[in-house]
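Residue numbering for the sequence shown is 5 to 257, as defined by my numbering. Written below as C-alpha cells is the structure these notes are about.
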Amino acid sequence: MILALKKCTIFAGRNNSKRLINKFRTSMKSMKSIAVALCASMVLAGCNMSNTAKGTMIGAGGGAALGAIIGKIAGNTAVGAAIGGAVGAGTGAIIGKKMDKAKKEAEAVKNAQVETITDANGLEAVKVTFDSGILFATNKADLNAASKSSLQQFATVLKNNSACDVAIYGHTDNTGSDAINNPLSVNRAKSVSNYLKSLGVSASQIKMVDGQGSTNPVADNSTAEGRKQNRRVEVYMYASEQMIKDANAEAAK
5 MILALKKCTI FAGRNNSKRL INKFRTSMKS MKSIAVALCA SMVLAGCNMS NTAKGTMIGA
65 GGGAALGAII GKIAGNTAVG AAIGGAVGAG TGAIIGKKMD KAKKEAEAVK NAQVETITDA
125 NGLEAVKVTF DSGILFATNK ADLNAASKSS LQQFATVLKN NSACDVAIYG HTDNTGSDAI
185 NNPLSVNRAK SVSNYLKSLG VSASQIKMVD GQGSTNPVAD NSTAEGRKQN RRVEVYMYAS
245 EQMIKDANAE AAK
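As C-alpha cells, then:
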C-alpha cells in the first residue's frame, strides 16, 4: 500500500512538473510574441515620424540607453564629433526641426539623393548622395559642366543652413587597384568641396573632406548597375556643436 502511494506521488509529481514546464513554455512564447509586436510597432512608427518627432524620442534618452547611440556611419567614421553629456528631449526636437528644413531644401537639388541618418550624438542628420557618373568623367576628379548646376543649387542649401557642419566623402567601385581608387576618391571629394567653397560656402562649415576608395560599397560590385551606385560622393549635414548648445539653451527656457 505504501509502495503504491509512493508511486502515485511520484507520478503526480511528474504530471505537475510537466504542467509547470508547459505553462512556462507557453508564457515564454507569449512574451516573445509581445516583444516582436512591440518591435514591429516601433519600426512602423519610426517610418512615419518627421525628424522633429524622432529628435524628441532620441533626445529623451540622451543620458540613458539612447545616449549611448554611436550613430550611423559614413564609411568607418561616425558622422559628427560626439560632444558628450546628455542631450535633452527639447534639444532633440529643436534640432530635428532644423534638419527637416535642411532635408526639404536638399530634396529640391537636381540629381541629389537625400535621406535622414543619425549622427554621433544620436541626433538627426541629412545625407546627400551625388552619382560620380554625373559629376565626373571616368577616372577623373575634375567636375564636368553638367554637374555644376546641381552643386550650385546645393551650395545655396548649405548657405541657408550654415549652422550645420558638413562632411564630404568620395567613393569608387572596386574596379582598379587601391593605388588608383583611394586617391581618386579623395580628389573627387576635394573637387566638390573646393567648388562649394568657390560658391560662397564657408570653409569653416566643411569639417571633413576624405575618400574611402572602394571600401564602403552600397551595392553589388559584380553588376554594372551596382558599380554605378558605388561611384558616388556623399555629403553629410549634421548639427554643429554650436547648434547643439543653442538648442540646449532654447530648450531650457
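Note that the Cβ used here is the ideal one computed from N, Cα and C, for glycine as well.
Would you mind listing the beta strand (DSSP E) stretches within the segment 134-202 that are 3+ residues and don't spill past its ends, in chain order? If you keep only unbroken beta strand (DSSP E) runs of at least 3 residues inside the segment 134-202, you get 168-175.
Rounded to whole angstroms, what's the CA-CA distance from G204 to A159? Just pull it up for me. Here residue 204 refers to the residue found at position 200 of the sequence shown. Here residue 159 refers to the residue found at position 155 of the sequence shown. Straight across, the Cα-Cα distance linking G204 with A159 is about 7 Å.
Does the count of Cβ pairs from the segment 220-235 and the segment 110-119 closer than 8 Å reach three? Using a C-beta cut-off of 8 Å, the segment 220-235 makes no contact with the segment 110-119, since fewer than three inter-stretch Cβ pairs fall below that distance.
DSSP three-state call for E111: helix, strand or coil? Residue numbering aside, residue 111 sits at position 107 when the sequence shown is read from its first letter. It is coil, neither helix nor strand.
Determine the DSSP secondary structure at Q246, reduced to helix, strand or coil. By 1-based counting over the sequence shown, the position of residue 246 is 242. Reduced to three states, the DSSP call for Q246 is helix.
Please classify V47: is it buried, with 16 or more other beta-carbons within 10 angstroms of its beta-carbon, or exposed? Here residue 47 refers to the residue found at position 43 when the sequence shown is read from its first residue. Because the pLDDT of V47 is 37, which lies under 50, any placement of that residue in the model is unreliable, and the number read from its coordinates should be weighed accordingly. Within a 10 Å sphere around the beta-carbon of V47 sit fewer than 16 other beta-carbons, which makes this residue exposed.
What would DSSP say about A129, mapped onto helix, strand or coil? If you number the sequence shown from 1, residue 129 lands on position 125. Strand.
Below 7 Å CB to CB, which residues in the same chain sit around S195 once its five sequence neighbours on both sides are set aside? By 1-based counting over the sequence shown, the position of residue 195 is 191. For S195, where only same-chain residues beyond five positions count, the Cβ hits under 7 Å are A145, D146 and L147.
Between the beta-carbon of I210 and the beta-carbon of V170, is there less than 7 Å? Within the sequence shown, the letter at position 206 stands for residue 210. Within the sequence shown, the letter at position 166 stands for residue 170. Result yes, Cβ atoms of I210 and V170 sit closer than 7 Å.
Between the Cα of I172 and the Cα atoms of A193, Q156 and N220, which residue gives the shortest distance? Translated into positions along the sequence shown, residue 172 becomes position 168. Of the candidates A193, Q156 and N220, the one whose C-alpha sits nearest the C-alpha of I172 is A193.
Keeping to the same chain, check which residues put their C-beta closer than 7 Å to that of D177; ignore five residues upstream and five downstream. Counted from its first residue, the sequence shown places residue 177 at position 173. Here the set comprises S218, N225, R231, N234 and R235.
Could you have a look at K211 and say whether DSSP puts it in helix, strand or coil? As a working mapping, residue 211 is identified with position 207 in the sequence shown. DSSP places K211 in strand when its eight states are reduced to three.
Output the distance between the C-alpha atoms of F140 and A243, rounded to the nearest integer angstrom. Taking the sequence shown and counting its residues from 1, one reaches residue 140 at position 136. Taking the sequence shown and counting its residues from 1, one reaches residue 243 at position 239. Approximately 29 Å between the Cα atoms of the pair.
Contact set for M247: own chain, Cβ-Cβ below 6 Å, skip 5 residues either direction: Sequence index remark: in the sequence shown, residue 247 carries index 243 (1-based). So the qualifying residues of the chain are A167.
Exposed or buried, which one is N252 when buried takes at least 16 other CB atoms within 10 Å? If you number the sequence shown from 1, residue 252 lands on position 248. With 16 or more Cβ atoms within 10 Å of its Cβ, N252 is classed as buried.
If you count every other CB in all the chains shown that lies within 10 Å of the CB of D123, and 16 or more means buried, which is it? Residue 123 sits at position 119 when you count from the first residue of the sequence shown. It counts as buried.
By Cβ distance, which residues of its chain are closer than 7 Å to E119, with the 5 residues on each side in sequence left out? Position 115 of the sequence shown, counted from the first residue, corresponds to residue 119. These residues qualify, in order along the chain: K131.
So the candidates are I138, V161, T142 and N143; which of them puts its Cα closest to the Cα of A150? Mapped onto the sequence shown, residue 150 falls at position 146. Out of I138, V161, T142 and N143, I138 has the C-alpha closest to the C-alpha of A150.
Cα-Cα separation between K96 and K105, rounded to whole angstroms: Indexing the sequence shown from 1 puts residue 96 at position 92. Indexing the sequence shown from 1 puts residue 105 at position 101. The displayed chain sequence assigns Gly, not Lys, to residue 96. Rounded to the nearest whole angstrom, the CA to CA distance from G96 to K105 is 14 Å.
Is DSSP giving T227 helix, strand or coil here? Start at 1 with the first residue of the sequence shown, and residue 227 comes out as number 223. If DSSP states are grouped into helix, strand and coil, T227 belongs with coil.
When DSSP labels each residue in this structure, what does A106 get in the three-state scheme? Taking the sequence shown and counting its residues from 1, one reaches residue 106 at position 102. Here DSSP, grouped into helix, strand and coil, assigns A106 to helix.
Local conformation of G63 per DSSP, three classes: Along the sequence shown, read from residue 1 onward, the residue named residue 63 stands at position 59. Note that G63 scores a pLDDT of 39, beneath 50, so its modelled location is shaky and nothing firm can be said.
Should G180 and V237 be called a contact, given that it needs their Cβ atoms to be closer than 7 Å? The sequence position of residue 180 within the sequence shown is 176, counting from 1. The sequence position of residue 237 within the sequence shown is 233, counting from 1. No, Cβ-Cβ distance for G180 and V237 is not below 7 Å.
Ends of the beta strand (DSSP E) at A116? What you label residue 116 is simply residue 112 of the sequence shown in a count that begins at 1. Counting along the chain, the beta strand (DSSP E) containing A116 begins and ends at A116 to T122.
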